[in-house]
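For my numbering, count along the sequence shown from 1 and bump the result up by 7. C-beta atoms are modelled at their ideal positions from N, C-alpha and C, and glycine is treated no differently. The structure displayed is predicted, hence computed values, not measured ones.
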Amino acid sequence: MGEGVKRALEASQVTQTSLSSLTAGLVYHDMGTCRMGYFPATSATDPYGQIHGVQGLYVADNSVIPTSGAANPTLTTVALAIRTADYLMKQLR
């Protein structure tokens with residue numbers, strides 16, 4: 008995979024950056040910048056993703072996940088987004 012990336016960079020005449028020189032298979036999943044929780048002093052959103060103190064503003068991405076485990080967070084992120092959407096639909100009824 009690493010060799011394929013190098014060939015693709017050369018073919019497209021792109022300068023290699025530190026990001027493109029990462030070891031193949033090494034990935035980062037940024038998260039936790041809008042932590043979900045019950046208390047505004049320790050979290051940015053409530054358990055449904057609504058920003059504390061801001062009516063109608065919701066976060067539905069992996070930034071609400073406080074910490075990262077060893078696995079890819081995609082399915083957890085999707086589950087939380089669906090949960091938030093369900094909650095919003097109930098609020099609109």
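| Query | Result |
| --- | --- |
| What does a CB cutoff of less than 6 angstroms around residue 36 pick up in its chain, not counting 5 residues either side in sequence? | 75, 80 |
| Go ahead and pull the three-state DSSP assignment for residue 55. | coil |
| Mind checking who residue 65 pairs with in its DSSP beta bridge? | 57 |
| What number of angstroms, rounded off, separates the C-alpha of residue 18 from the C-alpha of residue 71? | 39 angstroms |
| Would you tell me roughly how many angstroms separate the C-alpha atoms of residue 89 and residue 47, rounded to the nearest one? | 23 angstroms |
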